[in-house]
Structure formats: C-alpha cells, structure tokens
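> Sending over a structure as structure tokens; questions will come in a sec.
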Amino acid sequence: GAGVIGMKTKEDDYVTQIMHVRTHNTLLFFTSTGRTYRLKAYEVPEAGSRNSRGTAMVNVLPLAVGESVTTMIDLERVQEDVNLFMVTEFGVVKR
Numbered sequence: 001g002a003g004v005i006g007m008k009t010k011e012d013d014y015v016t017q018i019m020h021v022r023t024h025n026t027l028l029f030f031t032s033t034g035r036t037y038r039l040k041a042y043e044v045p046e047a048g049s050r051n052s053r054g055t056a057m058v059n060v061l062p063l064a065v066g067e068s069v070t071t072m073i074d075l076e077r078v079q080e081d082v083n084l085f086m087v088t089e090f091g092v093v094k095r
C-alpha cells in the first residue's frame with residue numbers, strides 16, 4: 001500500500017523517534033552534552049497538522065549552542081525499581 005507522510009521536515013532534518021504518550025505523562029529528554037530535561041507532554045507544542053514543520057527543541061528546552069536532543073523516554077513506562085544508564089561515545093557511564 002501507499003504510505004502517508006507523518007511530518008514535514010526541512011531538507012537536512014529527519015524524524016528520529018516517535019512516541020505515543022498521554023497528555024500528563026512526564027517525558028525525559030537526553031542531550032548530546034549529557035544533560036537531562038523533564039517536561040510534561042502537554043508542555044510540548046502541538047504541530048497542528050501533518051504538513052506543519054513543528055517547533056525546534058531549542059524553543060522548548062534551554063539548550064546550549066550546539067547541544068541537541070539525542071533521545072527521549074516516557075517516564076510513565078519506566079518501572080520504579082529500574083535504573084537508567086547513559087553511556088557516552090567514549091564509554092563514560094552515568095546512572
């Protein structure tokens with residue numbers, strides 16, 4: 001069958017992650033500098049339609065110059081007795 005465009009992006013941009021969350025779920029955003037930001041899903045601006053380009057994360061989170069969001073998780077889907085680990089490209093670990 002024929003696919004449908006889910007989101008319009010700029011020429012050099014692409015979708016890296018899609019999540020289905022509830023409005024009041026807490027989202028964690030991990031950045032390229034190792035920082036973590038927490039937002040409720042309703043704090044992320046709605047795109048409006050499939051043809052809109054959305055909002056740059058730099059306008060939602062206080063990202064530094066050159067810093068980017070590398071991944072995000074829905075905190076409601078993480079069990080309470082589970083630890084989260086981050087590993088850098090050079091093997092540095094954060095828990």
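Numbering (the UniProt record's numbering), first residue to last: 1 to 95.
Idealized CB from N, CA, C, for every residue including glycine.
Predicted model only: the values in this text are computed from it and were never measured.
1) Please check the pair L75 and L27, which I expect to be a contact at CB under 8 Å, by giving their CB distance rounded to whole angstroms.
2) Name the residue from D81, M86, E11 whose alpha carbon lies nearest to the alpha carbon of F29.
3) Look at the Cβ atom of S68, then the Cβ atom of T31, and state whether they are nearer than 8 Å.
4) Under a three-way DSSP split, which group does L84 fall into?
According to the structure shown:
1) 7 Å
2) M86
3) yes
4) coil
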